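Quick note: the sequence shown uses the working numbering, first residue 1, plus one each step.
Beta carbons: idealized from backbone N, C-alpha and C, even for Gly.
A quick note: this is a predicted structure, and the numbers were derived from the prediction, not measured.
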Amino acid sequence: RVNKKHLSKFYSKNVRIIGKVLKKDGNELTLLACDNEEIKCILTDNQVEEPLDQYVEVLGKVNEDDTISDIVYVQNGGSSIS
């Protein structure tokens with residue numbers, strides 16, 4: 001699992017990110033990572049099970065613009081991280 005500041009070390013590789021859901025707008029999911037930085041995840045159609053919990057885990061590929069795409073899954077994680 002990574003946070004925003006580590007993304008540049010993983011360009012073109014799959015990573016897992018746990019984050020707080022800030023918003024979902026169309027095919028874009030914005031998360032707040034554990035380092036308090038926002039990460040945008042680019043989704044494909046019907047990839048997210050609604051409604052989303054407050055926290056989710058995303059597995060996908062890191063792009064050079066620090067977004068996550070080619071999402072393998074988005075898993076609901078509940079209302080807190082423990």
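According to DSSP, is residue i part of a helix, a strand, or is it coil?
{"i": "S79", "result": "coil"}
{"i": "L31", "result": "strand"}
{"i": "L7", "result": "helix"}
{"i": "D45", "result": "coil"}
{"i": "D66", "result": "coil"}
{"i": "V72", "result": "strand"}
For the beta strand (DSSP E) containing residue i, list its first residue and its last residue.
{"i": "R16", "result": "N14 to D25"}
{"i": "V56", "result": "Y55 to V62"}
If distances are taken between C-alpha atoms only, which option among the options comes closest to residue i?
{"i": "I68", "options": "E28, K23, L22 and V21", "result": "E28"}
{"i": "G26", "options": "N3, K4, K20 and L43", "result": "L43"}
Roughly how many angstroms separate the alpha carbons of residue i and residue j, rounded to a whole number?
{"i": "E64", "j": "S79", "result": "30 Å"}
{"i": "D53", "j": "I39", "result": "17 Å"}
{"i": "N76", "j": "P51", "result": "9 Å"}
{"i": "L31", "j": "Y55", "result": "8 Å"}
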